Amino acid sequence: MTNKSTIAQVGRHVGETVTIGAWVNNKRSSGKIQFLQLRDGSGYIQGVIVKSEVSEDIWNDAKSLTQESSLYVTGIVREEPRSQSGYELTVTGIEIIHLTENYPITPKEHGVDFLMDHRHLWLRSAKQRAVLIIRAEIIRAIQEFFNGNGFTKVDPPILTPSSAEGTTELFHIKYFDEDAYLTQSGQLYMEAAAMALGKVYSFGPTFRAEKSKTRRHLIEFWMIEPEMAFVDHEESLRVQEQFVSHIVQSVLKNCAKELEAIGRDVSKLEQIQGEFPRITYDEAIAFLQGEGFDIPWGEDFGAPHETAIAERYNKPVFITHWPTHIKAFYMKPDPARPEVVLCADMIAPEGYGEIIGGSQRIDDPALMEERFNEHNLAREAYQWYMDLRTYGSVPHSGFGLGLERTVAWICGLDHVRETIPFPRMLYRLYP
Ligand code: 4AD
Ligand code: MG
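Structural data, given as structure tokens:
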């Protein structure tokens, strides 16, 4: 019995005979030699079959292999500096598991709709695989950052009786005889958790029934939401820039091969460290008006506004102090200027838009009551949230990072649909 190995581990077996379970990615032949491009998920390796050195059966089996056929391939591992993996396999045996006919995704170009309909197969392509590996590294780095900085991971509920981020984009479901909604954000629950544990973070799916068909919007996306007791707006911005720098630097360090596979310009990512620039909403409006945008004070920004601002910097930029009336009910007004709130959106460079939204939260019970009224919120559903202000209220702040927009930016992808294994978008629920 020969050693079983994965492609990623063949380096431990140079000169030995190993057996690898693999799929055929591609194949070429020069008449006397066949070259199998093999993949097993862990990596890629070339298998070389020399006609004069194998039995006729093995030669013919190799000839019958088609794209995405599966097999156990046995061979001797050789060092091969010219190959991408650094190794090559001199094939001595082949056991076909399954011969594939007419694999739909061929090396030629396919349209986006076709690829999205075949997302379950598209994931096998080199680029999609690299994106998923980078996504996993981003998640690892996120957990490392918070676990190493005194935060406790807390899981907020997914089924909720009320809304966290406005009532128009809610997925409504029946909860036996009651109404319930899929969570838009775990924030309100994380505020309760921060009062119990100090510094907390959540990481989970969130849902928005947004009728937006843009390259930045998903219906189901993953959000990381830290919440910190006794931390003000300014301190929260410091955490945010350190957090995002840590993510980018971790990907640069641990995913060099994958960044290369997707053709990312890493020089842009290398600059993401240290302090990030900040501008106030007022300054942003003045700049946009100066650039000829027709946008009055008090209006929210769209993608073109965000991009125009981001283009001035080579790092993410914080836009702070937004008008109170366009932001969420829980944001704390600036004591010096109550018409703006102590909040910031972090806009990624290169046109990737808002990746973080955060703020200091209202801690004054009387003001919280006022906001419930102004926003017509069903008071009973928020009693528990009010209690956080009634019993030992403290200054506290938090923010939410959208995972998929972060993946899109770091990978340099045009659209968030490639950042998540099975995207849920307006008009797409399959596969
Ligand atoms: O700015 P948002 O709506 O903020 C909140 O939900 C706060 N409760 C977060 C907090 O303070 N705990 O969303 C946060 C981030 C956005 O900056 C964006 O990156 C991402 O979530 N996001 C989306 N990503 C993909 N598709 C969508 N439809 C998104 N909506 C928001
Ligand atoms: Mg936002």
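Per this note's numbering, residue 26 is the first one in the sequence shown, and the count goes up by one each step. Beta carbons: idealized from backbone N, C-alpha and C, even for Gly. If you're wondering where the values come from, they're calculated on a predicted model, not measured in any experiment.
### Query
Between residue 98 and residue 119, which are expected to be in contact by the criterion C-beta below 8 Å, what is the C-beta distance as a whole number of angstroms?
That pair is a contact at about 6 Å.
### Query
Would the segment 368 to 380 and the segment 339 to 348 be scored as touching if the rule is three or more Cβ pairs under 8 Å?
Yes: the two stretches touch, three or more of their Cβ pairs being nearer than 8 Å.
### Neighbourhood of residue 67 by C-beta, 8 Å cutoff - its chain only, sequence neighbours within 5 removed
Spatial neighbours of residue 67 in its own chain (CB-CB distance under 8 Å, excluding positions within 5 residues in sequence) are listed in chain order as 31, 32, 33, 34.
### Query
Quick one: what's residue 101 bridged to in DSSP?
Answer is 42, 115.
### Message
Helix, strand or coil, according to DSSP, for residue 74 in the structure here?
### Response
Reduced to three states, the DSSP call for residue 74 is strand.
### Message
Under 8 Å, Cβ to Cβ, is there at least one residue of chain D near residue 216?
### Response
Any reference to chain D falls outside this structure, which holds one protein chain only.
### Task
Note down the Cα distance separating residue 317 from residue 367, rounded to an integer number of angstroms.
Residue 317 and residue 367 have their C-alpha atoms roughly 28 Å apart.
### Task
Would you mind listing the beta strand (DSSP E) stretches within the segment 191 to 222 that are 3+ residues and don't spill past its ends, in chain order?
Counting only runs of 3 or more residues that sit fully inside the segment 191 to 222, the beta strand (DSSP E) segments are 197 to 200, 203 to 207, in chain order.
### Query
So the beta strand (DSSP E) residue 145 belongs to, where does it begin and stop?
Secondary structure note for residue 145: it is in no beta strand (DSSP E), and the uninterrupted alpha helix (DSSP H) holding it is 144 to 147.
### Message
Considering Cα atoms alone, identify which of 273, 285, 288 is closest to residue 297.
### Response
Taking only the C-alpha atoms, the option nearest residue 297 is 273.
### Message
I want to check one thing, is the minimum distance from the CB of residue 267 to the heavy atoms of the ligand 4AD below 7 Å?
### Response
For the ligand 4AD, not one heavy atom lies less than 7 Å from the Cβ of residue 267.
### Task
Using 10 angstroms around the beta-carbon of residue 111, count the other beta-carbons present and answer buried if the total reaches 16, otherwise exposed.
When all chains shown are included, residue 111 counts as exposed.
### Task
Return yes when the C-beta of residue 331 is under 7 Å from any heavy atom of the ligand 4AD, and no when it is not.
Residue 331 has its Cβ no nearer than 7 Å to any heavy atom of the ligand 4AD.
### Task
Specify the secondary structure class of residue 239 as computed by DSSP and reduced to three states.
DSSP, reduced to helix, strand and coil, places residue 239 outside both helices and strands of the structure shown, so it counts as coil.
#### Entry: Terminal residues of the beta strand (DSSP E) in which residue 254 lies
According to the DSSP assignment, residue 254 belongs to the beta strand (DSSP E) that extends over 245 to 254.
### Task
Give me the Cα-Cα distance between residue 434 and residue 56, rounded to the nearest whole angstrom.
The straight-line gap separating the alpha-carbon atoms of residue 434 and residue 56 is approximately 45 Å.
#### Entry: Segment limits, beta strand (DSSP E) that includes residue 319
No beta strand (DSSP E) contains residue 319, which DSSP labels as neither H nor E.
### residue 431 vs residue 380 beta-carbon contact at 8 Å
Yes, they are a contact pair.
### Query
How about residue 102 and residue 43: are their beta carbons less than 8 Å apart?
Taking the C-beta atoms as reference points, residue 43 is found nearer than 8 Å to residue 102.
#### Entry: Delimiting residues of the beta strand (DSSP E) encompassing residue 59
Counting along the chain, the beta strand (DSSP E) containing residue 59 begins and ends at 58 to 64.
### Endpoints, alpha helix (DSSP H) assigned at residue 169
Here the alpha helix (DSSP H) through residue 169 covers 151 to 172.
### Query
Heavy atom of the ligand 4AD less than 7 Å from the Cβ of residue 441, yes or no?
Closer than 7 Å to some heavy atom of the ligand 4AD: that describes the Cβ of residue 441.
### Query
Whole-angstrom Cβ separation of residue 194 and residue 234, contact assumed at under 8 Å?
Rounded to whole angstroms, the Cβ separation of residue 194 and residue 234 is 5 Å, and the two are in contact under 8 Å.
#### Entry: Start-to-end residues for the beta strand (DSSP E) that takes in residue 362
Unbroken beta strand (DSSP E) run through residue 362: 362 to 366.
### Query
Near residue 329, what residues of its chain come up, given a Cβ to Cβ distance below 8 Å and the 5 sequence neighbours on each side ignored?
Result list for residue 329: 318, in chain order.
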